[in-house]
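A.B. asks:
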Amino acid sequence: AMEEKKTYIIHMAKSQMPAIFDDHTHWYDASLKSVSESAEMIYVYKNVVHGFAARLTAQQAESLETQPGILSVLPEVIYQLH
Amino acid sequence: TTRTPLFLGLDRSVNIFPESDAMSDVIVGVLDTGVWPERKSFDDTGFGPVPDSWKGECESSTNFSSAMCNRKLVGARYFSRGYETTLGPIDESKESKSPRDDDGHGTHTASTAAGSVVEGASLFGYASGTARGMAYRARVAMYKVCWLGGCFNSDILAGMDKAIDDKVDVLSLSLGGSTPDYYKDSIAIGAFAAMEKGILVSCSAGNAGPNQFSLANQAPWITTVGAGTIDRDFPAYVSLGNGKNFSGVSLYAGDSSFNKMLPLVYAGNASNVTSGNLCMMGTLIPEKVKGKIVLCDRGISARVQKGFVVKAAGGAGMVLTNTAANGEELVADAHLLPAAAVGQKAGDAIKKYLFSDPNPTAEILFGGTKVDIQPSPVVAAFSSRGPNSITPEILKPDIIAPGVNILAGWTGTVGPTGMAEDDRRVEFNIISGTSMSCPHVSGLAALIKGVHPEWSPAAIRSALMTTAYTVYENGGALVDVATGKPSTPFDHGAGHVDPVSAVNPGLVYDINADDYLNFLCALKYSPSQINMIARRNFTCDSRKKYSVTDLNYPSFAVSFVAGSDGSNTIKYSRTLTNVGPAGTYKVTVSSPNSSVKIIVEPETLSFTQINEKKSYTVSFTAPSKSSVTDVFGRIEWSDGKHVVSSPVAISWS
Numbered sequence: 041a042m043e044e045k046k047t048y049i050i051h052m053a054k055s056q057m058p059a060i061f062d063d064h065t066h067w068y069d070a071s072l073k074s075v076s077e078s079a080e081m082i083y084v085y086k087n088v089v090h091g092f093a094a095r096l097t098a099q100q101a102e103s104l105e106t107q108p109g110i111l112s113v114l115p116e117v118i119y120q121l122h
Numbered sequence: 007t008t009r010t011p012l013f014l015g016l017d018r019s020v021n022i023f024p025e026s027d028a029m030s031d032v033i034v035g036v037l038d039t040g041v042w043p044e045r046k047s048f049d050d051t052g053f054g055p056v057p058d059s060w061k062g063e064c065e066s067s068t069n070f071s072s073a074m075c076n077r078k079l080v081g082a083r084y085f086s087r088g089y090e091t092t093l094g095p096i097d098e099s100k101e102s103k104s105p106r107d108d109d110g111h112g113t114h115t116a117s118t119a120a121g122s123v124v125e126g127a128s129l130f131g132y133a134s135g136t137a138r139g140m141a142y143r144a145r146v147a148m149y150k151v152c153w154l155g156g157c158f159n160s161d162i163l164a165g166m167d168k169a170i171d172d173k174v175d176v177l178s179l180s181l182g183g184s185t186p187d188y189y190k191d192s193i194a195i196g197a198f199a200a201m202e203k204g205i206l207v208s209c210s211a212g213n214a215g216p217n218q219f220s221l222a223n224q225a226p227w228i229t230t231v232g233a234g235t236i237d238r239d240f241p242a243y244v245s246l247g248n249g250k251n252f253s254g255v256s257l258y259a260g261d262s263s264f265n266k267m268l269p270l271v272y273a274g275n276a277s278n279v280t281s282g283n284l285c286m287m288g289t290l291i292p293e294k295v296k297g298k299i300v301l302c303d304r305g306i307s308a309r310v311q312k313g314f315v316v317k318a319a320g321g322a323g324m325v326l327t328n329t330a331a332n333g334e335e336l337v338a339d340a341h342l343l344p345a346a347a348v349g350q351k352a353g354d355a356i357k358k359y360l361f362s363d364p365n366p367t368a369e370i371l372f373g374g375t376k377v378d379i380q381p382s383p384v385v386a387a388f389s390s391r392g393p394n395s396i397t398p399e400i401l402k403p404d405i406i407a408p409g410v411n412i413l414a415g416w417t418g419t420v421g422p423t424g425m426a427e428d429d430r431r432v433e434f435n436i437i438s439g440t441s442m443s444c445p446h447v448s449g450l451a452a453l454i455k456g457v458h459p460e461w462s463p464a465a466i467r468s469a470l471m472t473t474a475y476t477v478y479e480n481g482g483a484l485v486d487v488a489t490g491k492p493s494t495p496f497d498h499g500a501g502h503v504d505p506v507s508a509v510n511p512g513l514v515y516d517i518n519a520d521d522y523l524n525f526l527c528a529l530k531y532s533p534s535q536i537n538m539i540a541r542r543n544f545t546c547d548s549r550k551k552y553s554v555t556d557l558n559y560p561s562f563a564v565s566f567v568a569g570s571d572g573s574n575t576i577k578y579s580r581t582l583t584n585v586g587p588a589g590t591y592k593v594t595v596s597s598p599n600s601s602v603k604i605i606v607e608p609e610t611l612s613f614t615q616i617n618e619k620k621s622y623t624v625s626f627t628a629p630s631k632s633s634v635t636d637v638f639g640r641i642e643w644s645d646g647k648h649v650v651s652s653p654v655a656i657s658w659s
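Residue numbers (my numbering), protein chains in the order written: chain A, 41 to 122; chain B, 7 to 659.
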């Protein structure tokens, strides 16, 4: 189960982007790669969220959440039509 | 849609909602299952050029080219990466990896909100008339975020992100989930960003009614829409062998030779499983139902699937009875066989005959479409109910709108039941849900935006709420079909939408992003939770006393703590902005048979300028050991021409 990957929405505190990065997308990607060399960003959001969606194992998600600048790592939710 | 424009008074108000360019500069973005661009509801005859500010487009993809866009359908995008990452690549033999609508839901909601005028619309002749969207001069853009496997929030966020980039004016989302808090709800998070950009976000309240605390999309920066009926019905009559007749509804349009007495059998007695009464897949014994009318109970499986199960087992017809959950609410379906839906009382009476007569027989007669049905609107049993499970002091739903038996555009991929076995294809379909009431309000908000382009989302929502009605023309209170009794603000919010009044409300309760940030402080959100919603570093001022009762909401939900000793008083503050002529407004407070004392100060507000703001406070004082049943009332400000009406819902937790 720990190895199974799920999609997560990662919320970042944009104001905490380290000075070494000139673009927040690079910072996002570096954060992601710090927990998984192979993980890819599914979406990078701009208006609704400062952050991105990515596919991670539970362990990687847990580890990412401890990183500086990470507000939260929320598992994907499926909504239904009304 | 047909009939609802008339029901809402839109036909009589052409001068209020002029067919001006301002009206056609408003763009409604719809997040849903996609769109069927060939439908006449998206015809752009008579439309001028698309507003320069518009950035949207039709994404070219399988069976959907960028040429599908026109001056009505000005955008169509699809977002499937979240869906495909989780469930694997889309099987293009089953669904279109494009903005094309394979389900029908998206075409229905988009055409309800802003469909062009289409003469001679109907479903097999039912609900016939001139179909048109609420804002039929507005433009519409589709963001396909829902797929056969559901609506994944990573895709929803991407759709909302892009809709903001494209510069929609209204966002319509007929979908939701049950979420524990605003900062964990992607629709709430996306809606906050949209609100900050001046976009009104209208969402369905959910179909989990009539249970209390069953709402979705409860965030105060979202317009949460419940469902009511309109004055149209599709009667069907179940005539029994003992001469008794019972009324129901049906959209069956098959061969009329069906009209004859046939043996009647209860599904529960023609099945090999305990839940056989529900007519679920594979549970009926063909020998016991062949050539007969089968009585099925609602529940568990889809209503239309029950009809298919009876037909597949050789049944000649179906009577589908409500259970206690839906009471007397009658939702019509385009069943594949002669069928009638009946309320719980009729269902019980038919069963009584069934179980007492050795050779029970029945006949179903179809009555076509009837209008001027009264009372209407009534609150739909399925419409989700408050109180707000996240913030009891924010009254939800906000409003109700037509959501039962609504005709609107449909896909060309599946038939009106949506079932694979249904090989019929229709331009329009009749379906029900808060999914249908939400786009009504989205379209009405677009109309108001067209008349008042400078109004904020909160001002538009306020206008829709403070002019909503809760009594019929004869003075009777709106009925809740789930109870047969008057509905309450927890059922209908501020009441049923009345767009003609909403365009000229007199005063509005305006709210901006900072007000909502203060609201989040009042909820004691951490800086991190606030950052997730508002995407900014915002620290609540530890010296300030924040209160949710200070959010300038157009309605009042008061939540006392039951059993607290001594009387306790809760104070609310509100600010009204003048959007009409100068005038002096006097307040009236009504809270029938309530032990709670309601004091409004001051009792008079005078306005001389447009956009002038005046504030007032309301103190609610409950005597100690007061009744712990909900109490309802209204706070109304009137200058003799405008009535700015707010519901009050008082409960004890």
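In this text, a Cβ means the ideal position worked out from N, Cα and C, and glycines have one as well.
Everything numeric in this text was worked out from a predicted model, so none of it was measured.
Note down, in chain order, all residues in the region 539-571 of chain B with a beta-carbon under 7 Å from any beta-carbon belonging to chain A.
C.D. replies: The region 539-571 of chain B vs chain A, Cβ under 7 Å: R541 and N543.
A.B. asks: Quick one: which unbroken beta strand (DSSP E) runs of 3-plus residues sit fully inside the region 512-584 of chain B? Chain order, please.
C.D. replies: Fully enclosed beta strand (DSSP E) runs of 3 or longer: 562-566 and 574-584.
A.B. asks: Three-state secondary structure (DSSP) at K296/B?
C.D. replies: On the second sequence, residue 296/B is found 290 positions in, with the first residue counted as 1. Coil at K296/B, not helix or strand.
A.B. asks: Given a cut-off of 9 Å, decide if A214/B and V188/B are closer than it, judged by their beta-carbon atoms.
C.D. replies: By one-based count along the second sequence, residue 188/B stands at place 182. By one-based count along the second sequence, residue 214/B stands at place 208. Rather than Val, the amino acid found at residue 188/B in this sequence is Tyr. Not in contact: Y188/B and A214/B (Cβ atoms no closer than 9 Å).
A.B. asks: Using 8 Å for Cβ pairs, my map puts I656/B next to V624/B. What's the rounded Cβ distance?
C.D. replies: Stepping through the second sequence from its first residue, residue 656/B is reached at position 650. Stepping through the second sequence from its first residue, residue 624/B is reached at position 618. Actually they do not touch by this definition, with Cβ atoms about 11 Å apart.
A.B. asks: Chain A beta carbons: is any one of them nearer than 9 Å to that of N109/B?
C.D. replies: The residue given as residue 109/B occupies position 103 in the second sequence. Checking the displayed sequence, the identity of residue 109/B turns out to be Asp instead of Asn. At least one chain A Cβ lies under 9 Å of D109/B.
A.B. asks: How about the region 116-130 of chain B and the region 163-170 of chain B: do they share at least three Cβ pairs that are nearer than 8 Å?
C.D. replies: Taking 8 Å as the limit for Cβ pairs, the verdict is that the region 163-170 of chain B does not touch the region 116-130 of chain B.
A.B. asks: Report yes or no: is there a C-beta of chain A within less than 9 Å of the C-beta of I412/B?
C.D. replies: Walking along the second sequence from the start, residue 412/B turns up at place 406. Not an interface residue.
A.B. asks: Need the endpoints of the beta strand (DSSP E) that P408/B sits in, please.
C.D. replies: Walking along the second sequence from the start, residue 408/B turns up at place 402. I405 to P408 is the span of the beta strand (DSSP E), which, as asked, contains P408/B.
A.B. asks: Taking only runs of the alpha helix (DSSP H) that begin and end inside the region 313-400 of chain B, which ones reach a length of at least 4 residues, in chain order?
C.D. replies: Taking only runs of at least 4 residues, the alpha helix (DSSP H) segments lying wholly in the region 313-400 of chain B are 350-362.
A.B. asks: Hey, quick one: how far does the alpha helix (DSSP H) through Q218/B stretch, first residue to last?
C.D. replies: Residue mapping note: residue 218/B aligns to position 212 of the second sequence, counting from 1. No alpha helix (DSSP H) holds Q218/B; DSSP gives it neither H nor E.
A.B. asks: By the DSSP assignment, the alpha helix (DSSP H) with K131/A in it spans what residues?
C.D. replies: Residue numbering for chain A in the displayed model covers 41 to 122; residue 131/A lies beyond these limits and cannot be assessed.
A.B. asks: Please report the residue range of the beta strand (DSSP E) in which G165/B lies.
C.D. replies: To locate residue 165/B, count along the second sequence from 1; it is residue 159. Unbroken run through G165/B is the alpha helix (DSSP H), N159 to D172; no beta strand (DSSP E).
A.B. asks: Is there at least one Cβ from chain B nearer than 9 Å to T106/A's Cβ?
C.D. replies: Translated into the one-based positions of the first sequence, residue 106/A becomes position 66. Chain B contact via Cβ: absent.
A.B. asks: So which of L526/B, Q380/B, A322/B and G274/B has the shortest CA-CA distance to E479/B?
C.D. replies: By 1-based counting over the second sequence, the position of residue 479/B is 473. The option with the nearest alpha carbon to E479/B is Q380/B.
A.B. asks: Run down chain A in chain order and give the residues with a C-beta less than 9 Å from the C-beta of I170/B.
C.D. replies: On the second sequence, residue 170/B is found 164 positions in, with the first residue counted as 1. Within 9 Å Cβ-Cβ: K86, N87 and V88.
A.B. asks: Between the region 100-120 of chain A and the region 42-50 of chain A, do at least 3 Cβ pairs fall closer than 8 Å?
C.D. replies: Yes, they touch.
A.B. asks: Reducing DSSP to helix, strand and coil, say where K46/A ends up.
C.D. replies: Reading the first sequence from its first residue, position 6 is the one you call residue 46/A. Reduced to three states, the DSSP call for K46/A is strand.
A.B. asks: Restricting to runs no shorter than 3 residues, where is the beta strand (DSSP E) found entirely within the region 13-69 of chain B?
C.D. replies: The qualifying runs are 33-38.
A.B. asks: Just checking my contact of S395/B with L526/B at CB under 8 Å: how many whole Å lie between their CB atoms?
C.D. replies: Stepping through the second sequence from its first residue, residue 395/B is reached at position 389. Stepping through the second sequence from its first residue, residue 526/B is reached at position 520. Actually they do not touch by this definition, with Cβ atoms about 17 Å apart.
A.B. asks: In the DSSP assignment, find the unbroken beta strand (DSSP E) run with F243/B in it and report its ends.
C.D. replies: What you label residue 243/B is simply residue 237 of the second sequence in a count that begins at 1. Contrary to the premise, residue 243/B reads as Tyr rather than Phe in this sequence. From DSSP, the beta strand (DSSP E) with Y243/B extends over P241 to L246.
A.B. asks: My guess is that I405/B and V231/B are in contact by the Cβ rule of under 8 Å, so how many angstroms apart are they, rounded?
C.D. replies: For the purposes of this step, residue 405/B is taken as residue 399 along the second sequence, with counting starting at 1. For the purposes of this step, residue 231/B is taken as residue 225 along the second sequence, with counting starting at 1. That belief holds up - the Cβ atoms of I405/B and V231/B are roughly 6 Å apart, short of 8 Å.
A.B. asks: If you reduce the DSSP assignment to three classes, tell me which class H446/B lands in.
C.D. replies: Counting from 1 along the second sequence, the entry for residue 446/B is found at position 440. It is helical.
A.B. asks: Starting from the C-beta of E618/B, find all residues in its chain whose C-beta is less than 8 Å away, skip the five residues before and the five after it, and write them out in chain order.
C.D. replies: Indexing the second sequence from 1 puts residue 618/B at position 612. Closer than 8 Å at the Cβ level, and outside the excluded window around E618/B, lie T583 and N584.
A.B. asks: Starting from A225/B, trace the beta strand (DSSP E) in both directions and tell me its first and last residue.
C.D. replies: The sequence position of residue 225/B within the second sequence is 219, counting from 1. First-last for A225/B: undefined, no H or E at that position.
A.B. asks: Can you find the residues in the same chain that come closer than 6 Å, C-beta to C-beta, to D497/B, ignoring five residues on each side of it along the sequence?
C.D. replies: Position 491 of the second sequence, counting from 1, holds the residue named residue 497/B. Closer than 6 Å at Cβ, skipping near neighbours: V385, R391 and D486.
A.B. asks: For Y89/B, tell me which candidate among K150/B, M29/B, F158/B and D49/B has the shortest Cα-Cα distance.
C.D. replies: If you number the second sequence from 1, residue 89/B lands on position 83. Ranking the options by Cα distance to Y89/B, first place goes to F158/B.
A.B. asks: If we call anything under 9 Å between Cβ atoms a contact, is L96/A one with S180/B?
C.D. replies: Counting from 1 along the first sequence, the entry for residue 96/A is found at position 56. Counting from 1 along the second sequence, the entry for residue 180/B is found at position 174. Cβ atoms of L96/A and S180/B: not closer than 9 Å.
A.B. asks: Hey, is the region 551-565 of chain B in contact with the region 642-658 of chain B, meaning 3+ C-beta pairs nearer than 8 Å?
C.D. replies: Because the criterion of three Cβ pairs below 8 Å is met, the region 551-565 of chain B and the region 642-658 of chain B touch.
A.B. asks: Please classify H502/B: is it buried, with 16 or more other beta-carbons within 10 angstroms of its beta-carbon, or exposed?
C.D. replies: Taking the first residue of the second sequence as position 1, residue 502/B is located at position 496. Buried is the call here.
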